[in-house]
Amino acid sequence: MTLDYAALFAATPSPYLVLDTNFVIVDVNHAYLLATLRTRKELIGQYVFDAFPDNPDDLEADGVQNLQASLHRVLITREADSMALQRYDIPLTNSPGEFEERWWSTINTPVLNADGSVAWVIHRVEDVTAFIRARRPGTTRTPREEGTEAELYARARELQRLNEELRHAHARERHVALALQEAMLHVPDLSKHPDIAVRYLPAIGSLNVCGDWYDIVDLPDDRFAVAVGDVVGHGLQAATVMGMLRSALSAAARAVDGPAKALEVLGLYARSVDGALAATATQVLIDSNRRLVTYSSAGHPPPVLLHPDGSCELLDQATDPPLGARPEHAPRPQSSRAYLPGATLALYTDGLIERRYEDIDIGLARLTDALTHHRRLGAERLADAVLTRLDVSGGARDDIALIIVRL
1059 MTLDYAALFA ATPSPYLVLD TNFVIVDVNH AYLLATLRTR KELIGQYVFD
1109 AFPDNPDDLE ADGVQNLQAS LHRVLITREA DSMALQRYDI PLTNSPGEFE
1159 ERWWSTINTP VLNADGSVAW VIHRVEDVTA FIRARRPGTT RTPREEGTEA
1209 ELYARARELQ RLNEELRHAH ARERHVALAL QEAMLHVPDL SKHPDIAVRY
1259 LPAIGSLNVC GDWYDIVDLP DDRFAVAVGD VVGHGLQAAT VMGMLRSALS
1309 AAARAVDGPA KALEVLGLYA RSVDGALAAT ATQVLIDSNR RLVTYSSAGH
1359 PPPVLLHPDG SCELLDQATD PPLGARPEHA PRPQSSRAYL PGATLALYTD
1409 GLIERRYEDI DIGLARLTDA LTHHRRLGAE RLADAVLTRL DVSGGARDDI
1459 ALIIVRL
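If you're matching positions, the sequence shown starts at 1059 in the working numbering and goes up one per residue.
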């Protein structure tokens, strides 16, 4: 027997709304219509906060604010969010301008697409207005009922208070993290490089800081080096290690000849930094006069060279283990490749191409297809097009750094 999920949804005794990612109501079950005294015609297609605004006569009304915060958390974390007991009055459609006092227990749950992005949000509520009214003065209750209800109510309000404190603490930590990230990962001066675009996307749900990094170093004789790297982990610790490795490689690129030697220096330095082992990095030296790219990689996904005819070449002929992976120092490999005017170079971190339960070759093919399809775009538009085509323009489960260089 095949289950009719639409019929099950319609008949579910708990009130449910289905919202799209813009918080527009796309479906509603019968129990929700009964609980809110509405019809499907009045709700379907409505922005949820237009359909259910705050009561203007209640100066302390915060239902819209709290529900918005919960729904945004669901979009960011892709996890269910339970709200504390909440007063959220509903407008009476038969009496314009009038609201009826209501109290709700609410859970918002994401419905995910195959790629892990949020498709819809299920907004489930339970009307607990009768419970709230029952504990008010003048209502006959047994001492046990009165004590239990008072304890439950007090715990719900305390949970809401603690949640708010945690959110404020998270916001303060995020502010500190952003200041640290900005100090360590200043955007390179691209005024000399109008054909270079950079993009930096921390993992969804992180503090907006991560262990991925990028850098651009100007060198004599119309040469410059571009690099990306990836430190294991997220958050402040990974960001701190990232800043140290980025600075070390930037200095090495100016002091030694070629990417391989620069990565050798970085590998030696990484052994003295807690949390730096197993980090990956790749650096490409561009010689504009000779139209030559020279590269070396320490366990990092290969850069892509997009030729003017639309074909893509993986720069994977100089790949070595991650930083600190070898017990003893050894020279790193290096390779060079000539390019034609109009070629494009793409460096990136693994968050751009890797997907859970998917072979990395599929992600690489997706990237090269995107580059080929949009090869006629300038660097800035091409960077955005790649992120969009790989469905990570709003972030992903892992950090992402991307550099696009028009050669």
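Just so it is clear, CB atoms sit at the ideal spot from N, CA and C, and this is done for glycine as well.
Let's test the definition: count the other Cβ atoms within 10 Å of the Cβ of Gly-1269 and tell me whether it reaches 16, buried, or not, exposed.
buried
Could you give the first and the last residue of the continuous alpha helix (DSSP H) run that contains Ala-1443?
1437-1447 is the extent of the alpha helix (DSSP H) around Ala-1443.
Determine the closest residue to Leu-1364 out of Ala-1297, His-1432, Arg-1439, with distance taken between C-alpha atoms.
His-1432
Rounded Cβ spacing between Leu-1343 and Gly-1316 (contact assumed at less than 8 Å)
The Cβ separation is near 6 Å, so the contact holds.
With DSSP as the reference, label Ser-1249 as helix, strand or coil.
coil
Nearest candidate by alpha-carbon position, reference Val-1463, set Ala-1437, Leu-1448, Tyr-1397
When each option's Cα is compared against that of Val-1463, the closest is Ala-1437.
Would you call Ile-1083 buried or exposed, if buried means 16 or more other Cβ atoms sit within 10 Å of its Cβ?
buried
Look at the Cβ atom of Thr-1352, then the Cβ atom of Ser-1308, and state whether they are nearer than 8 Å.
No; because the gap between Cβ atoms is not below 8 Å, this pair is not in contact.
Roughly how many angstroms separate the alpha carbons of Leu-1077 and Leu-1381, rounded to a whole number?
46 Å
Span of the alpha helix (DSSP H), counted from its first residue to its last, around Glu-1100
1098-1101
Determine the closest residue to Leu-1540 out of Met-1302, Leu-1460, Pro-1071, with distance taken between C-alpha atoms.
Because the chain here runs from 1059 to 1465, residue 1540 falls outside it and cannot be looked at.
Buried or exposed (CB count within 10 angstroms, at least 16 for buried), Tyr-1063
exposed
Where the alpha helix (DSSP H) containing Asn-1152 begins and where it ends
Per DSSP, Asn-1152 belongs to no alpha helix (DSSP H) and is neither H nor E.
Proximal residues to Val-1132 (C-beta, below 8 Å), its chain only, five neighbours per side dropped:
Ala-1138, Asp-1139, Asn-1166, Thr-1167, Pro-1168, Val-1176, Val-1179
Within the continuous beta strand (DSSP E) that includes Asp-1345, where are the two ends?
1338-1345
Could you tell me which residues DSSP puts in a beta bridge with Leu-1077?
Ile-1083, Val-1179
Kindly give me the distance between the Cβ atoms of Arg-1447 and Ala-1428, rounded to whole angstroms, as I take these residues to be in contact under 8 Å.
4 Å
Where do the N-terminal and C-terminal ends of the beta strand (DSSP E) with Val-1351 fall, by residue?
1350-1356
Got a sec? Which residues, its chain only, sit under 7 Å from Asn-1113 by beta carbon, not counting five neighbours each side?
Ala-1119, Asp-1147, Phe-1157
So, under 8 Å CB-CB, Ala-1441 and Ala-1255 are touching, yes? Tell me the CB distance rounded to an integer number of Å.
4 Å
Going by DSSP, what residue range makes up the alpha helix (DSSP H) through Glu-1386?
Counting along the chain, Glu-1386 falls outside any alpha helix (DSSP H), and DSSP gives it neither H nor E.
Checking the sheet assignment: what are the DSSP bridge partners for Pro-1168?
Val-1179
Cβ-based neighbour list, Leu-1033, same chain, cut-off 6 Å, excluding 5 preceding and 5 following
The structure shown does not extend to residue 1033, since the chain spans only 1059 to 1465, so no value can be given for it.
Going by other Cβ atoms of all chains shown within 10 Å of its Cβ, with 16 needed for buried, is Arg-1191 buried or exposed?
Counting Cβ neighbours within 10 Å, Arg-1191 comes out exposed, since fewer than 16 surround it.
Straight-line CA distance for Asp-1173 to Asp-1116?
42 Å
For Gly-1400, three-class secondary structure by DSSP
coil
From Asp-1247 to Asn-1171, what distance separates their C-alpha atoms?
39 Å
Measure from the alpha carbon of Ser-1369 to the alpha carbon of each residue in Arg-1434, Ala-1383, Asn-1152, then state which is nearest.
Arg-1434
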